[in-house]
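Encoded as structure tokens, the structure appears first; notes follow it.
Number of protein chains: 2
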Amino acid sequence: MTNYPLRDQNGLTEAAFLRQYDPDAFERLAVSVDTVVFSIDSRIQTENYRKLDEQKLTVLLLKRNEHPCLGKWSLPGGFVGEKETLDQAALRVLRDKTGLDDVYIEQLYTFGHPQRDPRMRIISVAYLALIDRSQYQLKNPDSQKITDLAWYEIDFPKNTPTLRLKWEAAGEMLEVGNSPPPALGSPLAFDHGSLILEGLLRLRNKIDYTDIVFNLLPGKFTITHLQQIYEIIGGEKLLAPVFRRKIARKITPTGEYTQERGHRPSQLYVYKDS
Amino acid sequence: MTNYPLRDQNGLTEAAFLRQYDPDAFERLAVSVDTVVFSIDSRIQTENYRKLDEQKLTVLLLKRNEHPCLGKWSLPGGFVGEKETLDQAALRVLRDKTGLDDVYIEQLYTFGHPQRDPRMRIISVAYLALIDRSQYQLKNPDSQKITDLAWYEIDFPKNTPTLRLKWEAAGEMLEVGNSPPPALGSPLAFDHGSLILEGLLRLRNKIDYTDIVFNLLPGKFTITHLQQIYEIIGGEKLLAPVFRRKIARKITPTGEYTQERGHRPSQLYVYKDS
DNA sequence: ATATAGTATTATCAATATGATATTATCATA
DNA sequence: TATGATAATATCATATTGATAATACTATAT
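These protein sequence lines map, in sequence, to chains H and C.
FYI, the numbering for the first sequence is 1 to 274, going by the working numbering.
FYI, the numbering for the second sequence is 275 to 548, going by the working numbering.
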């Protein structure tokens, strides 16, 4: 085994080397975290007396009110603090900017194109977050930097290169592709369009071999509801009997049923976390 | 749509804002890339007159000969240059430190624990590289920093938390786990044990739903050879008829066969890249 | 009370895929 | 010509899949 303290060619021990090490010898750059937060908007559609849940996949966007990209929509993000891990930074920034706390996150991808930010070299570690919207309340942002917070609905069928984002309340519509930085023509700030696209592809991929989708769901849900979520994330329709067979392993029936729907009730299930 | 040039609360246009922006307002930190390079060591075992290829999965390690972690084994890595993307940085560093050029890489994970490097805050974007060893030649490193370059054999059965690394030529053996930084007890430099573990899990996972494994293989190979590679990456034995059925979709027979093996020859196949 | 329309759920079945074992093929040597 | 070893295919019971059909249940309309 190695015997410490070793001395290098200059006769220095590791402790001595570190005392004379100059961090300013390198290029100035910053590291930020930006989080793609997905949730499901589950609104009740009523046609005559009949009721149906319509599910939408949504992503949380903030309107920037300072330079750069003033006026454009962006992901919640911020710089990594001195004494926190990347995961901690992502959670802290999310809490500060949106009020969302204790959410499921996973690291997504790191974006480091030299021209992705006009201020300086800023390397962004992107995170994916999934939340059950019914459990959380968005706060009014405390920072002066953000004027607006909105859930944009996502339309992203399979085998399409671009995705459509719609903010129904304001009638705003954004078309997002994967353009390389500086993505000046993008309706989103910086390269955040690429981040959202990457997040969607990760979610679409992982939904088949992990259980992350249940982070989007309330404690109790119907199989039909669950299938619709698989369909909007996967971007394609599924056959109900096939879906039910496969999902049965992951969920447990509660014996409770939906009511007053104008058709046969659906049973409520919970995630089988075992 | 947004009308440019917009002015912020201070009456500044974006151009004016950028002119007065101070990059030195933030913490000093650096970003590096470290690459986990895997390849297959395919050595011919001879028992009496009979010959058999024995496959080993190996990872490329460099012995550090400067502080910090002087004397420990590390992954090829270096700092990200001012005007290059992260991918370009990974490829450049790999070329400079090992002589490997034009290899398959993909971004793996970003490690950013505050104590992962004793010099300063250094955030590392880890890459995974897969090469066919028969196509490349390791050069003697040009940098004074490295005295040794070695392919360590990997032993990593399924459902084990740690992996064993062996350098047969030197009789060296390392046991690597996933200890959080600062990983002072690790036989590897910094948190590079975690990087290798992460790379192995990525490879093990992706081998089933992508074709990345062919980056490890020479142009022509036998199915038995291919199965052994799946087995050492997956960490478990596979049934030959089952494996053959599944892999048949991805490969094309050449009509050529191995020779002088002391048993029935195997046909050589190529990757069906269509 | 009964019919109706709509969604929820299960039944059914052919086709395909899988896991496992057994059999055959081929070569270099004894 | 026999032997032992690996390569490759055959076989088959079982499990899974894709698809369609049939049944179940409820809120309203009649």
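Beta carbons: idealized from backbone N, C-alpha and C, even for Gly.
The structure presented is a predicted model; accordingly, all values stated were derived computationally and were not measured.
Going by C-alpha positions, H:G81 is about 46 Å away from H:R245. Neighbourhood of H:Q107 in chain C, by CB distance below 8 Å: Y383, T384, in chain order. Between the stretch 110-124 of chain H and the stretch 288-303 of chain C, the count of Cβ pairs shorter than 8 Å is three or higher; the stretches touch. C:R293 carries a helical assignment under DSSP once its states are collapsed to helix, strand and coil. Identification of residues in the stretch 352-368 of chain C having a C-beta nearer than 9 Å to some C-beta of chain H yields F353, V354, G355, E356, K357, E358, T359, L360, D361, A363, given in sequence order. Counted as a single uninterrupted DSSP element, the stretch harbouring H:A248 is not any beta strand (DSSP E), since DSSP gives it neither H nor E. For C:K337, the secondary structure class from DSSP, reduced to helix, strand or coil, is strand. Classified as exposed, C:E510 has fewer than 16 neighbouring CB atoms from the shown chains inside 10 Å of its CB. Shown here, C:A457 sits in coil according to DSSP, grouped into three states, outside any helix or strand. By the Cβ neighbour-count rule, H:I233 is buried, with 16 or more other Cβ atoms within 10 Å of its own.
Between H:A89 and H:T110, the gap from beta carbon to beta carbon reaches 9 Å or more. Distance from C:I405 to C:N489 at the Cβ level is roughly 7 Å; contact confirmed, criterion being Cβ atoms closer than 8 Å. With 16 or more other CB atoms across the displayed protein chains lying within 10 angstroms of its CB, C:V377 is buried.
Close partners of H:R19 in chain C (Cβ separation under 9 Å) are lacking, with about 11 Å as the shortest Cβ gap.
Contact annotation: in the stretch 455-468 of chain C, no residue has its CB less than 7 Å from a CB in chain H.
In this structure the stretch 148-168 of chain H touches the stretch 50-60 of chain H; the number of beta carbon pairs closer than 8 Å is three or more. In this structure, DSSP gives C:I405 a state outside helix and strand, which the three-state scheme calls coil.
Near chain H, meaning a CB-to-CB distance below 9 Å, the residues of the stretch 394-415 of chain C are M394, R395, I397, V399.
Look at H:F214 here: in three-state DSSP terms it is helix. If you check each beta-carbon in the stretch 224-243 of chain H against every beta-carbon of chain C, none falls closer than 7 Å. Distance check between H:S179 and each of H:R116, H:P241, H:H225 places H:R116 closest, using alpha-carbon atoms only. For C:E301, at least one C-beta of chain H is nearer than 9 Å to its own C-beta. Look at C:L374: its C-beta is not under 9 Å from any C-beta on chain H. H:L128 is positioned such that its CB atom lies no closer than 9 Å to that of H:L100. The continuous beta strand (DSSP E) containing C:S306 extends over residues 304-321. It is roughly 57 Å from the alpha-carbon of H:K139 to the alpha-carbon of C:K413.
Close partners of C:V310 in chain H (Cβ separation under 7 Å) are lacking, with about 15 Å as the shortest Cβ gap. Rounded to the nearest angstrom, the gap between the Cα atoms of C:Y323 and C:E530 is 22 Å. The DSSP-derived three-state label of C:S540 is coil. H:L75 and H:D34 do touch by the CB rule: their CB atoms are close to 4 Å apart, below 8 Å.
Contact annotation: C:D422 and C:K337 have beta-carbon atoms nearer than 9 Å. Beta-bridge pairing by DSSP links C:K325 to C:T320. For C:Y383, the uninterrupted beta strand (DSSP E) segment begins and ends at 378-385.
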